[in-house]
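Residue numbers (my numbering): 4 to 292.
Built from N, CA and C at the ideal position, the CB exists for glycine as well.
To keep things clear, I will list the structure first and then write my remarks on it.
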Amino acid sequence: MKEIGEGVTYSFEFFPPKDPEGEERLWSAMRALEPIAPDFISVTYGAGGTTRDRTIRITSEITQRTHIPTVAHLTCVGSTRDELIEILARYKQSGIHNILALRGDPTGGPRAPWTPTPGGLNHADELVTLAAEVGGFTIGVAAFPDGHPASGLNFDEDIEVLLRKEKAGASFATTQFFFEVDKWRALVDRLSARGSKLPIIAGILPVTNVAQLNRMAELSGTPIPPAIAARFEALKDSPDDVRKLGVEIATGLCEDLLDAGVPGLHFYTMNTSSATREIFEQIKDKKRG
């Protein structure tokens with residue numbers, strides 16, 4: 004995988020499909036994005052760790068079937084420490100050497116009460132430490148420009164958590180989706196003031212569905228700026244117009260982030276490719292490292 008911080012990275016996130024039809028859609032979307040030559044592709048876990056085995060399988064197949072580096076998600080949810088070590092070994096055997104170490108969401112979503120798995124880990128920094136001890140991985144973590152719901156959106160606490168993850172062995176972070184460049188800039192500035200060298204890749208969500216956006220924002224705790232919410236609400240009965248607006252807003256955010264010196268843009272594709280490809284076409288003339 005391209006060294007994070009050595010020029011701007013462009014990456015895409017997929018989730019494991021639930022059925023053969025969904026799997027074909029995923030591979031179709033991935034084939035459509037291959038000409039962009041992404042720096043890496045990441046594959047998520049479902050809430051509560053429900054897609055763990057599919058995540059391992061799909062990530063392994065991407066590694067085998069494409070020339071695109073992969074970043075596999077790994078969470079504390081539903082696994083003992085020994086099982087996590089086994090999963091890391093399976094990733095290594097499949098040629099996967101990049102992971103995103105997350106606490107993970109409980110079955111009820113990120114706002115549900117957290118109950119650690121008996122014999123497992125309690126926080127993402129513990130998982131970073133474990134992966135570093137196993138060795139052989141580039142370790143990424145999550146960052147939250149609008150605050151993590153589990154911290155009560157306490158920005159100071161989130162900064163301390165990121166610093167602990169970096170100290171434990173994390174070498175980059177990817178953010179939750181957000182809508183305002185100043186949120187990313189504030190996070191980076193606060194970390195830099197504490198001596199952090201952790202590159203913060205910006206997570207970008209091209210909005211194509213208003214109901215889906217509202218649901219994701221509710222679960223993640225990401226506030227939708229009132230002006231943006233009003234623009235989407237006015238178009239909610241016109242899917243084509245919603246999609247066009249989503250591409251326009253995401254493109255503008257990407258351009259602002261590139262101007263601000265972002266080390267990478269990570270697109271939450273929702274397992275489709277068209278909106279992401281449109282955004283990339285509009286920003287590709289920006290200097291790419």
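Alpha-carbon to alpha-carbon, Ala-171 and Pro-242: Computed Cα separation, rounded: 44 Å.
Helix, strand or coil at Lys-290 according to DSSP, with G and I counted as helix: The predicted position of Lys-290 is uncertain, since its pLDDT is 47 and thus under 50; a value taken from the coordinates is nonetheless stated next. Lys-290 falls in the coil class under three-state DSSP.
Pair within 8 Å by beta-carbon distance, Ile-204 and Thr-225: For the pair Ile-204 and Thr-225, the CB atoms are not nearer than the 8 Å cut-off.
Short Cβ contact (8 Å threshold) for Thr-62 with Asp-42: With respect to Asp-42, Thr-62 sits apart: the two C-beta atoms are not nearer than 8 Å.
Option nearest Glu-169 by Cα separation, candidates Leu-87, Leu-103 and Asp-149: Comparing Cα positions, the closest option is Leu-103.
Closest by C-alpha distance to Glu-27, when choosing among Ser-276, Glu-284 and Ile-286: Shortest Cα-Cα distance from Glu-27 to any of Ser-276, Glu-284 and Ile-286 involves Ser-276.
Cβ-based neighbour list, Arg-84, same chain, cut-off 8 Å, excluding 5 preceding and 5 following: When the five nearest sequence neighbours on each side are left out, the beta carbons in the same chain lying within less than 8 Å of the beta carbon of Arg-84 are those of Gly-122, Gly-123, Leu-124 and Leu-133, in order along the chain.
Spatial distance of Leu-105 from Val-131 (CA atoms): About 8 Å.
Whole-angstrom C-beta distance between Ile-282 and Val-250, which should lie under 8 Å: Indeed, because the Cβ distance is near 6 Å, the residues count as touching under 8 Å.
Arg-234 versus Asp-128, Leu-248 and His-269, residue with shortest Cα-Cα distance: When only C-alpha atoms are compared, the closest one is Leu-248.
Through-space distance from Pro-148 to Lys-186, alpha-carbon basis: Distance between the alpha carbons of Lys-186 and Pro-148: 5 Å.
Beta-bridge partners of Thr-279, as assigned by DSSP: Note: Thr-279 sits in no beta bridge, so no partner.
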